[in-house]
Amino acid sequence: MLNPDLVGRTFTSADSVTVTKEAIQKFAQVLGESNFDIAPPTFSISITLDQSQSLLQGSGLDWTRVVHGEQRFETKRPIIAGDVLVGSSTIESARNVAGNEIVTVRSDLHDGLNLVVSTWSTLVVRA
Amino acid sequence: MSQLVTGQELPAKTFTINRALLIKYADASGDQNPIHQDEAFAKSVGLPDVIAHGMLTMGLAGKYLSDISGAEKVIEFSAKFIKPVVVPANTEVTLIVSGKVGEIADGLAKIELLAMCNEIKVLGVAKGVIKL
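Those protein sequence lines, which keep their order, are chains A and B.
Under our numbering, think of the first position of the first sequence as 1, with each following residue one higher.
Under our numbering, think of the first position of the second sequence as 1001, with each following residue one higher.
See below:
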């Protein structure tokens, strides 16, 4: 199970990510979106997935039993091509419900000092 | 889109999910978990077959939202993944998304979403908030 001491741990990526029109287009096309100037509502997951998984490496989570339970996005402004974003992820909570471990990771993307999007991924480790 | 009214039922849209789409989503999102591509692996971990990425299903529900308001006006979006979308080989799986307008206040409208696959609800308490 997740080491409870890790709740509150934050991982800030060293590198920024530059959003390309190609990346937006590739993601948007899968969903049938025809507007490639503005990222679809769930696009930020393609940036934050890596960092949230990096955060949980070595955390004690049994990855073979992890399922994605819940996802939430709060978007301050839409992501557009040319954005240079820096991500940080934090283990916000870890709790045990009916034998299942439930871990929530918050990932933020900033453009300079400005928050662009916050996402919360809730992972369930099946008992 | 004409003006939204609380309680209004929004027309359903149909999305098709197949194995090829899962590979495209894996490439676009970076989520290469083999349970979304490799049938033998999926079965080895107790799944009935390959399943769609929850975030693909949610992404398609997000397309439903952005069709209402434009992607730039979707400011909140959340869902629980309550049932997997099973995608057998050589099969077109139909996802039906519909919406109902919830509370409208301060220039924002809540949209409650329903996502059904083979008559099973696959997303729980799925909702978006759009700017009007």
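Glycine included, C-beta positions come from ideal geometry on N, C-alpha and C.
- Each of 113/A, 65/A, 119/A, 111/A was checked against the Cα of residue 71/A, and the nearest Cα belongs to 119/A.
- The DSSP-derived three-state label of residue 1088/B is coil.
- Taking 8 Å as the CB threshold, residue 1071/B lines the interface with chain A.
- Apart from sequence neighbours up to five positions away, the residues of its chain that approach residue 1082/B with a beta-carbon distance below 8 Å are 1121, 1122, 1123, 1124, ordered along the chain.
- Here residue 59/A has 2, 3, 6 as same chain residues with Cβ atoms under 7 Å from its own Cβ, once five neighbours each way along the sequence are excluded.
- For residue 71/A, no alpha helix (DSSP H) run applies; the uninterrupted beta strand (DSSP E) run containing it begins and ends at 66-75, by DSSP.
- When only Cα atoms are considered, residue 1054/B and residue 1116/B end up about 13 Å apart.
- Taking a beta-carbon distance threshold of 8 Å, residue 1039/B does not count as an interface residue toward chain A.
- Contact of residue 50/A with chain B by beta-carbon distance below 9 Å involves 1030.
- Burial check for residue 1031/B: the Cβ neighbour count within 10 Å reaches 16 or more, so the residue is buried.
- Between residue 1087/B and residue 1051/B, the C-beta gap is smaller than 8 Å, which places the two residues in contact.
- For residue 1116/B, the three-state secondary structure derived from DSSP is strand.
- Inclusion of residue 49/A and residue 1062/B in the CB contact set at 8 Å is not warranted, their separation being larger than that value.
- Residue 46/A sits buried, since 16 or more C-beta atoms from the chains shown fall within 10 Å of its C-beta.
- Chain-ordered listing is empty here: chain A has no CB closer than 7 Å to the CB of residue 1017/B, the nearest sitting near 10 Å.
- Residue 1019/B has its alpha-carbon roughly 8 Å from the corresponding atom of residue 1092/B.
- Along the length of the segment 1022-1108 of chain B, whole alpha helix (DSSP H) runs at least 4 residues long occupy 1039-1044, 1054-1069, reported in chain order.
- The C-alpha of residue 1033/B is placed about 16 Å away from the C-alpha of residue 69/A.
- For residue 106/A, the CB contacts under 6 Å within the same chain, skipping 5 residues up- and downstream, are 90, 92, 120 in chain order.
- The distance from the Cβ of residue 84/A to that of residue 16/A is about 5 Å, consistent with a contact at the 8 Å cut-off.
- Neighbours of residue 72/A across chain B, judged by C-beta separation under 9 Å: 1076, 1077, 1078, 1079.
- With a cutoff of 8 Å on beta-carbon distance, residue 125/A and residue 61/A are scored as near each other.
- Using a Cβ-Cβ cut-off of 8 Å, residue 1116/B does not count as an interface residue toward chain A, since no Cβ of chain A sits closer than that to its own.
- Put simply, of 1106/B, 1058/B, 1009/B the residue whose alpha carbon is nearest the alpha carbon of residue 27/A is 1058/B.
- For residue 94/A, the three-state secondary structure derived from DSSP is strand.
- The alpha-carbon separation between residue 1015/B and residue 76/A amounts to approximately 28 Å.
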